[in-house]
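J.:
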Amino acid sequence: GFSLENCRRNAFLAKQGAEMPKSRKTGTTICGVIFNEGVVLGADTRATGGSIVCDLNCEKIHYIADNVYCCGAGTAADTEFTTKMISSKMELLKLRTGREGRVISALRMLKQYLFRYQGHISAALVLGGVDVNGPALYTVYPHGSTDKLPYVTMGSGSLAAMSVFEDGFKMGMNEEEAKNLVFHAIRAGIVNDLGSGSNVDITVIRKGNVEVFRPYQVVCKKSERAGDYTFPVGTTVVTSSTEMVPFSALTVTDEEVMEIS
Amino acid sequence: MAVLIDSKAAMEPTQHRFSPYAMNGGTVVAVAGDDFAVIGSDTRLSEGYSILSRDVSKVRNVTKACLLGSVGFHGDVLTLTKMMDARLKQYLHTHGKEMPCEAIAQMLSTTLYYRRFFPYYTYNMVAGLDKQGKGCVFSYDPVGSYERESYRASGSASAIIQPLLDNQIGFKNQSNVDTSIPMTRERVRDLVRDIFAAASERDIYTGDEVEIAIIDKNGIETVRYPLRSD
């Protein structure tokens, strides 16, 4: 569970006017679409802390099980720990039942966990996978509600991505059409939303086979620098130096094995 | 498992206030050379997480010898620019000559301080040539405190850029540097271009294009380079 020992102190400090540290959010555009053989999940790769980009290439499509993956938007720590925890529970369930995991099991675990925390765990997820019941795609909101839909988007860039989906989605697409649609949806988020950026990551889940494209496409490349900024040796002045004795130079004089009971 | 509910937040009365300001982002960098000055800005205008425009330069020609760069709340940027243009025109008609750069710098300071109790939410920079023909850069805070400097970054990415300027132009935090390398227009222009490229990697409000203006006794030359559009 969580340790709540600092809560009272933090509330007191906040009242005094102290600034609370900003948690790292993933800004984000994530989406998913069902096609004729399975599910395609897509995500951008920018993580922001306020208006600064913390990570230019973070991974937002998380592994839940061999046949179930989950995209995460919201607070980065929350999505990471929540998906890791549910992934662990899915593995234990698989061992207990002797069966391949189902998307709906992960869904139930996620929504019951998030509802218990009343929205304080800021994780907005797109859960997708293929199991015995066929392909499945869900959204999970921070307060614990879920939707089952053929195409979904989440995150700050969700409106940009959804506008592409609403224009281009049709039932029964093949894999290439689905990947292309997801790519354009995420790209719309990357280019139009300031909280999303860098590359498009795509994961294709089919029965018995998962293909991870990381990156599927680099939308914004780092530009070439016109100047050379390498610092020559001697730029940092060495004031004093001590020679460190390497470990291999030590001689072993006596050896004794002791057992810890 | 115990659930943490903040019941106090629901009880206290909330008051909704209209904010007269908005943050439209953007960054301006200015460098003063021996006989030239360089001022560059990105061309992105944003609000919240949205982009309002990819082609709005924050640098304006105010006279043949002076450029004004303003970032912050774009509404105030436009009004302040209008105000300055009007005053400069008055000066031109009264004195028969254009206002010199240092005088413009002083006038901007008093214009900003006039609104001390309802400020122009703008971070300004004036770049040009002084009476001796040397490059000069003046940087301001929103209420008119100003200082002549040899280089300055202001705007949303200023905290990222200023240390880089200190290192590359001020030669700070390094030893055994060859300071005899001449600070030419091309070197400064390339440096400002690289600086904006680096800033647009890490600041979400900086990007799209960088417009760099180089001012010397022959006039003002403007050049644009593309930046990241994400």
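Top to bottom, those sequences are chains A and B.
If you read the first sequence in my numbering, its first letter stands for residue 2, the second for the next number, and so on.
If you read the second sequence in my numbering, its first letter stands for residue 24, the second for the next number, and so on.
We put the CB at the ideal spot given by N, CA and C, even for glycine.
Less than 8 Å between CB atoms is the rule here; does Ala220(B) satisfy it with respect to chain A?
T.: yes
J.: Comparing the C-beta of Ala45(B) with each C-beta of chain A, is any distance below 8 Å?
T.: In terms of beta-carbon proximity, Ala45(B) stays away from the interface with chain A, with every pair separated by 8 Å or more.
J.: Just verifying my parser: in three-state terms, what is the DSSP assignment at Ile87(A)?
T.: Looking at Ile87(A) - three-state DSSP - the assignment turns out to be helix.
J.: How is Lys154(B) classed by DSSP in three states: helix, strand or coil?
T.: coil
J.: Does DSSP classify Asn181(A) as helix, strand or coil?
T.: helix
J.: For a cutoff of 8 Å on Cβ pairs, would you count Gln197(B) as touching chain A?
T.: Under the 8 Å criterion on CB atoms, Gln197(B) is classed as interfacial with respect to chain A.
J.: Roughly how many whole angstroms lie between the Cα atoms of Met24(B) and Thr80(A)?
T.: The pLDDT assigned to Met24(B) is 48, lower than 50, so where the model puts this residue is not dependable, and the model offers no usable value.
J.: Anything in chain A within Cβ reach of Ser179(B), meaning under 7 Å, just list it in chain order.
T.: Ser52
J.: Could you tell me the alpha carbon to alpha carbon distance between Pro249(B) and Ala186(A), rounded to whole angstroms?
T.: In a straight line, the C-alpha of Pro249(B) is about 23 Å away from that of Ala186(A).
J.: Using Cβ-Cβ distances below 9 Å, what residues of the stretch 218-229 of chain A are close to chain B?
T.: Val220, Cys221, Lys222, Lys223, Ser224, Glu225, Arg226, Ala227 and Gly228
J.: Should Ser106(A) be labelled buried (16 or more other beta-carbon atoms within 10 Å of its own) or exposed?
T.: buried
J.: DSSP on Arg83(B), reduced to helix/strand/coil?
T.: For Arg83(B), the three-state secondary structure derived from DSSP is strand.
J.: Hey, could you find the ends of the alpha helix (DSSP H) Lys149(A) is sitting in?
T.: Careful: Lys149(A) lies outside any alpha helix (DSSP H), inside the beta strand (DSSP E) at Thr147 to Lys149.
J.: At a CB distance below 8 Å, what residues from the stretch 96-127 of chain B approach chain A? Give them in sequence order.
T.: none
J.: What number of angstroms, rounded off, separates the C-alpha of Thr37(B) from the C-alpha of Gly18(A)?
T.: 18 Å
J.: Which residues bound the alpha helix (DSSP H) around Cys8(A)?
T.: Where Cys8(A) is concerned, the enclosing alpha helix (DSSP H) stretches over Cys8 to Gln17.
J.: With DSSP collapsed to three states, give me the class of Ala25(B).
T.: Reliability fails at Ala25(B), whose pLDDT of 49 lies under 50, so the model's placement of it is uncertain and no value is given.
J.: Residues in the stretch 229-241 of chain B with C-beta within 8 Å of chain A's C-beta atoms, listed in sequence order?
T.: none
J.: Candidates Thr102(B), Ser69(B) and Ser198(B): which alpha carbon is nearest Pro233(A)'s?
T.: Ser198(B)
J.: To which residues of the same chain is Glu180(B) closer than 6 Å at the C-beta, ignoring the five residues directly before and after it?
T.: Sequence check: residue 180(B) is Ala here, not Glu. Here the set comprises Thr50, Ala222, Asp226 and Thr229.
J.: For Glu224(B), would you say it is in contact with chain A, using Cβ-to-Cβ distances shorter than 8 Å as the test?
T.: yes
J.: Secondary structure at Val52(A), three-state DSSP: helix, strand or coil?
T.: Strictly speaking, residue 52(A) in this sequence is Ser, with Val absent from that position. DSSP places Ser52(A) in coil when its eight states are reduced to three.
J.: How about Tyr44(B) and Tyr144(B): are their beta carbons less than 8 Å apart?
T.: Result yes, Cβ atoms of Tyr44(B) and Tyr144(B) sit closer than 8 Å.
J.: So, does the CB of Leu57(A) fall closer than 8 Å to a CB anywhere in chain B?
T.: Yes, its Cβ sits closer than 8 Å to a Cβ of chain B.
J.: For the stretch 71-88 of chain B, enumerate the residues whose C-beta is nearer than 9 Å to any C-beta of chain A, in chain order.
T.: Gly71, Tyr72, Ser73 and Ile74
J.: Any idea if Leu91(B) is buried or exposed, counting beta-carbon neighbours within 10 angstroms, 16 or more meaning buried?
T.: buried
J.: What does Asp65(B) reach in chain A if we use C-beta pairs closer than 9 Å?
T.: Result: empty, since nearest Cβ-Cβ is about 13 Å, beyond 9 Å.
J.: Could you tell me whether the Cβ of Ser252(B) comes closer than 8 Å to any Cβ of chain A?
T.: The beta carbon of Ser252(B) falls within 8 Å of a beta carbon belonging to chain A, placing the residue at that interface.
J.: What residue ranges within the stretch 99-164 of chain A form continuous alpha helix (DSSP H) runs of no fewer than 4 residues, ordered along the chain?
T.: 104-117
J.: Determine, for Arg216(B), whether the minimum Cβ-Cβ distance to residues of chain A falls below 8 Å.
T.: yes
J.: Between the C-alpha atoms of Ile65(A) and Glu224(B), what's the straight-line distance to the nearest angstrom?
T.: 31 Å
J.: What are the partner residues of Val205(A), as DSSP defines its beta bridges?
T.: Val41(A) and Glu212(A)
J.: Is any beta-carbon of chain A found at less than 8 Å from that of Ile254(B)?
T.: This structure leaves residue 254(B) out entirely; chain B is present only between 24 and 253.
J.: In chain order, which beta strand (DSSP E) runs of at least 3 residues are fully inside the stretch 84-127 of chain B?
T.: 89-95
J.: Give the secondary structure of Gln197(B) by DSSP, where H, G and I count as helix, E and B as strand, and everything else as coil.
T.: Gln197(B) falls in the coil class under three-state DSSP.
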